[in-house]
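Enquirer:
In the UniProt record's numbering, the protein residues as written are 1 to 213.
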């Protein structure tokens with residue numbers, strides 16, 4: 001998308017790789033100052049494109065309207081988008097492998113960039129069918145990995161629930177034990193008071209007072 005924009009506007013591209021930068025306040029200030037400065041650019045010479053997979057982690061001050069004027073969500077690749085990419089990269093509008101690719105796209109999450117990477121011929125010897133089969137292999141791999149990840153997450157969730165159940169049982173056992181011990185103490189106290197009544201003739205009122213104290 002960025003390359004297409006630059007080609008259409010006849011602009012140069014400067015790619016800043018920021019994935020290795022963590023908690024850099026100076027960089028944050030620079031980005032904010034730069035985006036604020038876009039309004040002062042004469043003739044609109046600058047276009048800055050920010051891409052991220054975790055928009056929720058970005059500072060709200062950086063992505064507010066006025067600094068980033070256009071928010072575009074790029075969804076996963078569907079069959080219609082794939083056909084456009086196939087036409088652009090392979091000059092193919094129909095193929096016997098399209099049905100298989102369409103089925104896999106319905107079952108798999110893959111970005112248009114990943115689809116384009118697999119469709120792009122890497123050498124002069126790669127024809128359209130080779131690239132399409134390469135995409136099918138990538139889709140099948142992505143499908144298997146997604147299934148494996150879902151199974152692992154389900155197993156972790158089941159283990160978490162089992163651990164919580166065991167902790168609940170343990171707590172219930174402790175409470176039962178405490179209750180049993182409390183009953184035993186009360187019985188012993190009652191027996192001691194009863195003996196005192198018998199030996200010393202303590203009145204019932206005195207017993208109640210001792211019990212309260």
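All C-beta atoms in this analysis are idealised placements derived from N, C-alpha and C, irrespective of residue type, glycine included.
So residue 142 and residue 110 are supposed to be a Cβ contact under 8 Å. How far apart are they, rounded?
Expert: Residue mapping note: residue 142 aligns to position 142 of the chain shown, counting from 1. Residue mapping note: residue 110 aligns to position 110 of the chain shown, counting from 1. Their Cβ separation, rounded to whole angstroms, is 6 Å, which keeps residue 142 and residue 110 in contact under 8 Å.
Enquirer: Considering only their Cβ atoms, is the gap separating residue 138 from residue 118 smaller than 7 Å?
Expert: Numbered from its first residue, the chain shown carries residue 118 at position 118. Numbered from its first residue, the chain shown carries residue 138 at position 138. In contact: residue 118 and residue 138 (Cβ atoms closer than 7 Å).
Enquirer: Could you check if residue 174 is buried or exposed, using at least 16 other CB atoms within 10 Å of its CB as the buried criterion?
Expert: Sequence index remark: in the chain shown, residue 174 carries index 174 (1-based). Exposed, by the Cβ-count rule.
Enquirer: Which residues mark the beginning and the end of the alpha helix (DSSP H) in which residue 106 is found?
Expert: On the chain shown, residue 106 is found 106 positions in, with the first residue counted as 1. Run containing residue 106: 98-107, per the alpha helix (DSSP H) assignment.
Enquirer: In chain order, what residues of the same chain lie with their CB nearer than 7 Å to the CB of residue 120, ignoring the 5 residues before and after it?
Expert: Numbered from its first residue, the chain shown carries residue 120 at position 120. Taken in chain order, the residues that qualify are 89.
Enquirer: If we ignore side chains and look at the alpha-carbon of each, how far apart do residue 6 and residue 115 end up?
Expert: Working through the chain shown from its first residue, we reach residue 6 at position 6. Working through the chain shown from its first residue, we reach residue 115 at position 115. Rounded to the nearest angstrom, the two C-alpha atoms are 21 Å apart.
Enquirer: Report the three-state DSSP secondary structure of residue 67 (helix, strand or coil).
Expert: Here residue 67 refers to the residue found at position 67 of the chain shown. If DSSP states are grouped into helix, strand and coil, residue 67 belongs with coil.
Enquirer: How about the stretch 120-135 and the stretch 90-98: do they share at least three Cβ pairs that are nearer than 8 Å?
Expert: Yes: at least three Cβ pairs fall under 8 Å.
Enquirer: When you compare each of 71, 46 and 66 to residue 56 by their alpha carbons, which one comes out closest?
Expert: Within the chain shown, the letter at position 56 stands for residue 56. Among 71, 46 and 66, the Cα nearest to that of residue 56 belongs to 71.
Enquirer: Apply the 10 Å Cβ neighbour rule to residue 96 and answer buried if 16 or more other Cβ atoms are within range, or exposed otherwise.
Expert: The residue given as residue 96 occupies position 96 in the chain shown. Residue 96 is exposed by the Cβ-count criterion.
Enquirer: Can you tell me whether DSSP reads residue 141 as helix, strand or coil?
Expert: Along the chain shown, one-based indexing puts residue 141 at 141. Of the three classes helix, strand and coil, the one that applies to residue 141 here is helix, per DSSP.
Enquirer: Would you identify the three-state DSSP class for residue 208, choosing helix, strand or coil?
Expert: Taking the chain shown and counting its residues from 1, one reaches residue 208 at position 208. Residue placement at residue 208 is poorly supported in this model, since its pLDDT is 47, which falls under 50; the coordinates are not used for a value here.
Enquirer: Counting along the chain, where does the alpha helix (DSSP H) carrying residue 79 start and finish?
Expert: As a working note, residue 79 is residue 79 in the chain shown. Taken as a continuous stretch (DSSP letters only), the alpha helix (DSSP H) holding residue 79 covers 79-90.
Enquirer: Report yes if the C-beta distance between residue 215 and residue 112 is below 7 Å; otherwise report no.
Expert: The shown model of the chain, from 1 to 213, leaves out residue 215, and the question about it has no answer.
Enquirer: So which of 12, 155, 77 and 159 has the shortest CA-CA distance to residue 48?
Expert: Within the chain shown, residue 48 is the residue found at index 48, counting from 1. Out of 12, 155, 77 and 159, 12 has the C-alpha closest to the C-alpha of residue 48.
Enquirer: So the alpha helix (DSSP H) residue 117 belongs to, where does it begin and stop?
Expert: The residue given as residue 117 occupies position 117 in the chain shown. Start and end: 112-119.
Enquirer: Roughly how many angstroms lie between the CA atoms of residue 152 and residue 54, to the nearest whole one?
Expert: The count along the chain shown starts at 1 and reaches residue 152 at position 152. The count along the chain shown starts at 1 and reaches residue 54 at position 54. Looking at the two C-alpha atoms, the distance is approximately 22 Å.
Enquirer: From residue 2 to residue 140, what does the alpha carbon distance come to, in whole angstroms?
Expert: As a working mapping, residue 2 is identified with position 2 in the chain shown. As a working mapping, residue 140 is identified with position 140 in the chain shown. The alpha-carbon atoms of residue 2 and residue 140 are separated by roughly 28 Å.
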